[in-house]
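Mapping the sequence shown onto our numbering, position 93 (from 1) lands on 1385, and the numbers just tick up by one.
Cβ coordinates follow ideal geometry from the N, Cα and C atoms, glycine included.
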Amino acid sequence: MRGRSAALAIAGVLLLAGMVALRCSLASSDEEAATPPPRTAASGAPTASTPLPSAPSAPSAPAAPAATAPTPSGPAPTAAPNAPELPAIAQAFVPTEKHPPIANNRLLRDQIAAVRPQVEACAKDAGSAANGTAVLTYMVTPDKKKQQVNIEQTGVEYDGTTITDQPLLDCLKDTAKDMKFTYVPDADGVFAFRRVKLENGKLVENAYMTFHYMR
């Protein structure tokens, strides 16, 4: 009996010790499950000793360039040299004041008739071969400084002239230099035309044609 009781007591002690050990083992397992072990660098997660990387900051937008005035292409504009002012431009469209001619139709006819002897002398010098028509021109211009009238630019209008003897034409046109006109202040010069006809060295026409104003 005593032996059996002792065995039972030992068995009870052992059972109790096993239960205590099992309880301690279960408590240790729960505590490990509740606290996850720290991850290592091999797992790709940061460890306790590795600082967490900060969130990447958004890239800053580039600063807008300062606005600059556009550079004009081509040569720089320059002011027109000696540009007339507005009054001068307006004045250019005002008609020039018209003055009476220094020689009118009557005076021109009179002086053409006055040089008839000189014209006949030219025809006589040319002889009987002097035939044809000559349209002659000349300018009658007032000289304000000398207060006189000049005969200038004596010439031949070849449109309508049939005489081909140039020395005869030169003699005929220069007869206008013997014309005489009276100076008149505030008068415009004129450009006059006359016609001379010759037949066999004889003067058959010595006529006034027309004139134009000279400005």
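8 Å contact criterion, which residue i and residue j should meet: CB distance rounded
{"i": "Ser1420", "j": "Asn1492", "result": "5 Å"}
{"i": "Val1476", "j": "Met1506", "result": "That belief does not hold up - the Cβ atoms of Val1476 and Met1506 are roughly 15 Å apart, past 8 Å."}
{"i": "Ala1422", "j": "Leu1460", "result": "6 Å"}
{"i": "Thr1508", "j": "Ile1455", "result": "For residue 1508 there is no data in the structure shown, the boundaries of the chain being 1293 and 1507."}
Residue i versus residue j - alpha carbon distance
{"i": "Asn1396", "j": "Tyr1450", "result": "24 Å"}
{"i": "Leu1399", "j": "Met1471", "result": "10 Å"}
{"i": "Val1488", "j": "Gln1410", "result": "12 Å"}
{"i": "Ala1415", "j": "Gln1403", "result": "19 Å"}
{"i": "Lys1469", "j": "Glu1444", "result": "8 Å"}
{"i": "Leu1464", "j": "Thr1433", "result": "20 Å"}
{"i": "Gln1458", "j": "Val1441", "result": "28 Å"}
{"i": "Lys1436", "j": "Asp1480", "result": "11 Å"}
{"i": "Ala1309", "j": "Ile1302", "result": "10 Å"}
{"i": "Asp1462", "j": "Val1427", "result": "12 Å"}
{"i": "Val1448", "j": "Met1431", "result": "12 Å"}
{"i": "Gly1452", "j": "Lys1390", "result": "31 Å"}
{"i": "Pro1376", "j": "Arg1486", "result": "Confidence is the limiting factor: at Pro1376 the pLDDT is only 42, short of 50, which leaves the residue's position unreliable and the question unanswerable from this model."}
{"i": "Met1311", "j": "Gly1304", "result": "10 Å"}
{"i": "Thr1446", "j": "Thr1429", "result": "6 Å"}
{"i": "Leu1490", "j": "Thr1467", "result": "15 Å"}
DSSP three-state assignment for residue i, whether helix, strand or coil
{"i": "Glu1412", "result": "helix"}
{"i": "Gly1447", "result": "strand"}
{"i": "Gly1304", "result": "helix"}
{"i": "Thr1453", "result": "coil"}
{"i": "Thr1425", "result": "strand"}
{"i": "Met1471", "result": "coil"}
{"i": "Gln1440", "result": "strand"}
{"i": "Asp1478", "result": "coil"}
{"i": "Pro1459", "result": "helix"}
{"i": "Asn1498", "result": "strand"}
{"i": "Ala1334", "result": "Confidence at Ala1334 is low in this model, with a pLDDT of 43, below 50, so its placement is unreliable and the value that follows should be read with caution. In this structure, Ala1334 counts as helix in the three-state DSSP scheme."}
{"i": "Lys1489", "result": "strand"}
{"i": "Ala1484", "result": "strand"}
Of the residues the options, the one placed nearest residue i, counting alpha carbons only
{"i": "Ala1405", "options": "Met1431, Met1501, Ile1302 and Leu1308", "result": "Met1501"}
{"i": "Phe1503", "options": "Pro1392, Leu1308, Arg1408 and Cys1463", "result": "Pro1392"}
{"i": "Val1496", "options": "Phe1473, Thr1453, Met1431 and Arg1408", "result": "Arg1408"}
{"i": "Lys1438", "options": "Lys1494, Gly1304 and Thr1474", "result": "Thr1474"}
{"i": "Lys1494", "options": "Leu1307, Gly1304 and Ala1418", "result": "Ala1418"}
{"i": "Arg1401", "options": "Leu1306, Leu1307 and Ala1484", "result": "Ala1484"}
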